[in-house]
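This report concerns only the one structure given below.
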Amino acid sequence: MSHDSVDKLVKMANQIGKFFVAQKHPEGVASMTDHLKKFWDPRMRNAIVAHVDHGGAGLDPIAIEAVKRLRHRAGAAESELRPGEGGSDG
Amino acid sequence: MTLIKEIDFGTPESKAEKLVTLTIDGTTVTVPEGTSIMRAAMEIGTEIPKLCATDSINAFGSCRLCVIEVEGRNGTPASCTTPVAQGISVKTQTPRLAAIRRGVMELYISDHPLDCLTCAANGDCELQDMAGAVGLRDVRYGYDGANHVFARNNGEVNFDWKPKDESNPYFSYDPSKCIVCNRCVRACEEVQGTFALTISGRGFGSRVSPSMDEAFMESECVSCGACVQACPTATLIEKSVIAIGQPEHSAVTTCAYCGVGCTFKAEMRGEEVVRMVPWKDGKANHGHSCVKGRFAYGYAHHGDRILNPMIRETIAEPWREVSWEEAIAFAADRLKATQEKYGKNSVGVITSSRCTNEESYLVQKLARQGFKNNNTDTCARVCHSPTGYGLAQAFGTSAGTQDFDSVDDADVILVMGANPTDAHPVFGSRMKKRLREGAKLIVIDPRRIDLVRSPHVTADYHLPLKPGTNVAMVTALAHVIVTEGLVNLEFVKARCDWDEYQDWAAFVAQPQYSPEALETTLGVPAADVRAAARLYATGGNGAIYYGLGVTEHSQGSTTVMGIANLAMATGNLGRRGVGVNPLRGQNNVQGSCDMGSFPHELPGYRHISNEAARQAFEKDWGVSLDPEPGLRIPNMFDAAIEGSFKGLYVQGEDILQSDPDTSHVSRALANMDIVIVQDLFLVETANYAHVFLPGATFLEKDGTFTNAERRIQRVTKVMRPKNGYADWEVTQLLANKMGLNWNYAHASEIMDEIARLTPSFAGVSFKRLDEDGSVQWPCNENSPHGMPIMHIDGFARGKGKFVITEYVPTDEKVGPRFPLLLTTGRILSQYNVGAQTRRTENSQWHPEDVLEIHPHDAEDRGVRDGDWVRVASRAGETTLRAKITDRVAPGVVYTTFHHPVTQANVVTTDNSDWATNCPEYKVTAVQVATTNGPTDWQHQYRELTEQSRRIASTIDAAE
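Chains as they are written, first to last, in our numbering: chain A, 1 to 90; chain B, 1 to 959.
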């Protein structure tokens with residue numbers, strides 16, 4: 001991915017992180033990981049995982065943690081939260 | 001087919017529960033207390049002659065034609081203004097009544113032109129009907145003397161005569177035919193709520209007068225058509241009826257403009273539309289309409305419409321008209337080649353929020369079954385995707401909680417980031433009616449929208465917040481509700497997750513979220529915020545209506561959840577008169593979401609990772625589905641620029657004009673190998689297309705639309721598609737060329753498949769819709785006739801979820817380079833990108849987009865009203881004319897996005913909602929300066945458009 005695209009993903013991930021960091025429960029990192037699984041296309045997830053592998057410059061701590069967890073598990077099909085929890089975005 | 005004629009009961013229905021029994025002409029009838037004798041008679045099929053009464057407006061009692069006799073009472077009272085009473089005995093026809101009526105009719109006719117045979121209302125004239133009904137045989141007074149009929153009397157100028165007013169493009173006003181029944185004036189007041197009409201003068205000099213005796217187009221008239229519909233004569237009549245004649249058959253269908261979903265009778269002569277008349281039994285509009293649905297259907301036969309398929313190898317070439325077979329084969333081959341070369345995930349679709357449910361369903365099915373990926377998205381991405389996300393989080397369903405009728409029971413109406421009188425005009429009129437009855441109004445909007453102050457409606461509180469501070473506003477309102485002890489704890493304890501509530505309450509109660517602490521952030525006096533919060537929490541039934549001013553922000557989803565928090569905390573859910581009501585933008589934006597248009601979910605909002613849901617579709621479609629979400633529209637553009645997304649099939653959506661950051665979108669489109677555009681016109685996106693597939697209008701196909709209240713309504717074909725195929729048939733051609741073997745013979749078969757696979761649609765079928773008129777989903781075993789109000793005993797998700805709404809200011813900040821905030825919106829006469837409305841006479845009301853700017857900001861920059869100004873943001877710049885107004889606050893500028901020449905989206909940025917990537921249209925930091933004319937970009941774009949719209953001549957040179 002080009003720098004532009006990664007910059008955009010970093011910005012998006014930080015936006016998501018800011019929301020989940022403010023929530024008390026369920027735990028913010030897990031919710032954010034789940035959000036990425038449910039709404040990000042695999043190529044976007046791969047790109048952000050690759051970015052974290054290279055140090056994750058620009059990402060907030062919660063986003064780095066969430067992306068790290070993303071790496072260790074398969075995609076949306078393995079979501080831990082019950083249906084509806086991650087939210088649909090219709 | 002015949003002409004559908006609704007029964008006119010003469011006066012409105014009484015909502016009283018107590019019943020009253022009386023006899024009319026010896027027949028016993030029982031009706032609710034408060035019903036007029038006229039209406040009670042009509043209930044048993046007795047039509048009392050009338051002229052000034054019609055059941056859309058209150059009784060007036062002026063024509064004296066509807067007189068009756070009541071046994072034991074003196075005189076001959078008017079049956080329209082006389083309510084029923086227990087045990088009375090009414091006679092509707094006696095020699096005395098007949099003589100009175102005939103006398104009245106004689107007077108009317110003595111001052112009316114006798115040109116019935118050449119009159120446009122011939123065959124549909126109540127005056128003519130009544131002359132027949134009362135047995136008028138003679139006019140003893142003659143036709144000489146004072147009159148309003150003739151321009152000259154005995155060669156002398158007749159000052160009582162007035163010429164026709166032809167100023168409105170859609171209807172004419174002929175004062176010589178007016179009987180001053182006042183129906184138009186009352187319809188304008190009671191139904192539309194504009195108060196543009198009045199009766200000037202008195203006695204014989206009484207005249208219907210738009211505003212202060214102005215022409216209709218000069219007056220406040222919004223051309224909704226209510227007066228035309230109410231007129232019993234040819235005084236106010238559609239110009240199309242004058243041109244064509246009376247219709248001979250009609251069919252009920254649903255408007256293809258906004259999310260209100262008005263139903264209309266398409267009145268036809270053969271395959272020609274004579275007029276569109278709002279249907280009285282329509283549950284969304286109850287017989288009312290706006291200038292778009294009522295009149296702006298002329299685009300269907302506009303010369304710009306493309307009727308033949310076209311292809312081209314590259315976008316630099318001119319278009320080549322080809323057969324359907326060739327175009328479909330070209331499209332399918334390219335899609336397949338692209339997938340072979342770049343992988344299966346390199347292509348995708350965009351479903352249309354203007355097309356039918358059935359059509360959106362097929363387009364997403366093409367992606368999932370045919371392309372074997374989930375790269376499907378829809379226009380809702382850029383409007384109400386945060387509503388779907390936010391309300392699903394809070395309540396468990398991605399839709400509004402009420403029907404429109406619910407507003408009749410609202411005591412406090414809170415409108416946030418919506419402009420109903422312009423963008424949802426028929427519901428706006430409904431809302432104004434309730435406000436005139438005394439409901440309180442809170443408006444949260446940076447701009448002083450019409451609702452804030454319009455005839456007989458004044459907002460109790462207008463909170464003109466700075467664009468981008470919605471989350472701070474809903475949190476400040478919540479702070480007041482929690483800290484002042486206004487929470488409905490009983491509701492919260494019974495219905496919501498208590499732990500989450502407590503976390504939320506502790507969060508909003510923090511001092512930094514008080515209106516006082518947020519006063520400079522919001523730019524709204526703290527006292528007003530406090531008072532508005534108190535009013536919403538304690539004023540009785542509180543109903544929230546919101547629009548794109550809430551969703552189209554970087555924190556759009558957070559604001560939606562904040563709104564849900566307010567409704568839950570105050571117990572304003574689960575009954576009539578309350579609720580959280582998103583006002584949906586496009587006619588079928590709700591439906592396109594319901595139909596699985598989003599990349600992460602199947603029809604009925606089931607996540608693509610949901611094994612059971614996926615299996616049902618896999619079994620039915622005979623393929624295995626990818627369990628991973630696909631790309632959303634903005635992600636598609638990013639992936640296209642990056643090179644991994646190369647093909648797109650777009651049905652009925654002009655992404656180049658409607659999506660933000662135009663230069664980014666055009667770079668993405670230019671990077672693709674195959675762009676297929678299916679539309680009525682060569683829309684802006686078609687500049688970058690390789691295949692153009694002509695689309696059909698809503699008049700040319702069968703199907704269903706789902707409006708903002710989840711109401712599924714029929715769209716009825718009234719003419720053959722001029723392009724040859726309905727849109728779902730075109731998708732089917734493409735799918736079959738891709739090897740899918742679809743065999744739908746009618747749209748109803750597609751709905752049957754949707755019902756079979758979607759639990760919330762299980763009970764929906766064309767048969768059910770034809771029987772019930774419409775249903776509001778969920779429609780299944782538990783609610784076979786649909787569900788007008790949701791979450792009555794419990795939330796769909798179980799316990800209501802309170803979400804913490806931390807305010808995160810947008811990255812789009814004002815600074816020295818871009819000191820003003822631009823926000824965008826709609827205007828009444830135009831619709832969305834204007835592809836349809838600009839091709840009608842509606843452009844007379846709004847010929848160009850203008851920039852609204854506050855006098856202070858204008859003076860600072862030396863801008864005068866009407867000057868060309870340049871609007872520049874970090875994304876781009878454009879020019880348009882300035883309109884100086886204090887409707888916007890200092891520091892804020894406003895424009896619409898209806899015209900491609902302006903291209904407001906050249907300046908909007910790629911910021912988006914954190915959860916859904918819904919673009920942040922509503923906040924762009926800009927600078928405004930005077931200029932001499934269009935920018936270089938506008939010149940270049942015009943050239944590009946002209947270049948890319950060339951169609952190669954197919955006619956060989958004459959030999």
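From the three backbone atoms N, C-alpha and C, an ideal C-beta is built for every residue, glycine too.
In this text the structure is predicted, and so the values were computed from the model without any measurement.
Would a check of beta-carbon distances place Lys68 of chain A closer than 8 Å to chain B?
-> no
Just curious, the beta strand (DSSP E) that Glu925 of chain B is in, first and last residue?
-> Here residue 925 of chain B is Ala; the residue named in the question, Glu, does not match the sequence. From DSSP, the beta strand (DSSP E) with Ala925 of chain B extends over Thr924 to Thr930.
Cross-strand partners of Trp868 of chain B (DSSP beta bridge) | B:Arg881
In angstroms with no decimal places, state the Cα-to-Cα distance between Asp956 of chain B and Arg320 of chain B.
-> Residue confidence is low: Asp956 of chain B scores 48 on pLDDT, short of 50, so the model does not pin down where it sits. Its coordinate-derived value is still stated next. The straight-line gap from Cα to Cα measures roughly 14 Å.
Name the two residues that bound the continuous beta strand (DSSP E) containing Lys440 of chain B.
-> Lys440 to Ile444
Buried or exposed: Pro515 of chain B, going by 16 or more other Cβ atoms within 10 Å of its Cβ?
-> buried
Indicate whether Met310 of chain B and Val322 of chain B have their beta-carbon atoms separated by less than 8 Å.
-> yes
Proximity to Phe491 of chain B [Cα-Cα], best of B:Ala569, B:His746 and B:Glu859 = B:Ala569
Select from the segment 42 to 71 of chain A all residues with a C-beta closer than 8 Å to any C-beta belonging to chain B, and list them in chain order.
-> Pro42, Arg43 and Met44
Return no unless some Cβ of chain B is closer than 8 Å to the Cβ of Ala22 of chain A.
-> yes
Whole-angstrom distance between Val412 of chain B and Gly539 of chain B, CA atom to CA atom | 6 Å
Let me know the secondary structure DSSP gives Thr551 of chain B once reduced to three states.
-> helix
What do you get for Gly585 of chain B, buried or exposed, if any count of 16 or more other CB atoms within 10 angstroms of its CB means buried?
-> buried
Which residues, in chain order, does the segment 800 to 827 of chain B contribute to contact with chain A at a C-beta distance below 9 Å?
-> Val803, Ile804, Thr805, Glu806, Val808 and Asp811
What residues from the segment 912 to 929 of chain B come within 7 Å of chain A, judged by C-beta to C-beta, listed N to C?
-> Trp914, Ala915 and Thr916
Beta strand (DSSP E) runs wholly inside the segment 160 to 217 of chain B, at least 3 long, in chain order | 171 to 173, 197 to 200 and 207 to 210
Report the neighbours of Ser5 of chain A on chain B: residues whose CB is nearer than 9 Å to its CB, in chain order.
-> Asp638, Ala639, Ile641 and Glu642
Ignore the nearest five residues each way along the sequence and tell me which others in Lys18 of chain B's own chain have a CB closer than 6 Å to its CB.
-> Glu33
Give a yes or no on whether the minimum CB-CB distance between Lys8 of chain A and chain B is below 8 Å.
-> yes
Unbroken alpha helix (DSSP H) run spanning Pro634 of chain B, endpoints = Ile633 to Glu642
Taking only beta-carbon atoms, is Asn635 of chain B less than 8 Å away from chain A?
-> yes
Given that Thr704 of chain B touches chain A, what residues does it touch there, using C-beta distances under 8 Å?
-> Simply none; closest approach about 17 Å.
Please name the residue in B:Tyr108, B:His456 and B:Arg817 whose C-alpha comes closest to that of Pro232 of chain B.
-> B:Tyr108
In three-state terms, what does DSSP make of Met310 of chain B?
-> strand
Could you tell me whether any Cβ in chain A is nearer than 8 Å to the Cβ of Pro778 of chain B?
-> no
Mind listing the chain A neighbours of Ser554 of chain B? Cutoff is C-beta to C-beta under 7 Å, in chain order.
-> Gln15
Just curious, the alpha helix (DSSP H) that Lys433 of chain B is in, first and last residue?
-> Pro425 to Arg436
Run down chain A in chain order and give the residues with a C-beta less than 9 Å from the C-beta of Leu362 of chain B.
-> Going along chain A, no residue has its Cβ under 9 Å from Leu362 of chain B, so there is no contact; the nearest lies around 18 Å.
Output the distance between the C-alpha atoms of Arg711 of chain B and Met787 of chain B, rounded to the nearest integer angstrom.
-> 9 Å
Report the three-state DSSP secondary structure of Gln15 of chain A (helix, strand or coil).
-> helix
Would you mind sorting Tyr545 of chain B into buried or exposed? The rule is 16 or more other CB atoms within 10 Å of its CB.
-> buried
Using a threshold of 8 Å, state whether the C-beta atoms of Ile350 of chain B and Ser948 of chain B are closer than that.
-> no
In this structure, does DSSP put Val20 of chain B in helix, strand or coil?
-> strand
Starting from the C-beta of Glu519 of chain B, find all residues in its chain whose C-beta is less than 6 Å away, skip the five residues before and the five after it, and write them out in chain order.
-> Ala526
Of the residues that make up the segment 165 to 176 of chain B, which ones have a beta carbon closer than 7 Å to any beta carbon in chain A?
-> none
So which of B:Val104, B:Thr805, B:Asn357 and B:Gln927 has the shortest CA-CA distance to Leu477 of chain B?
-> B:Thr805
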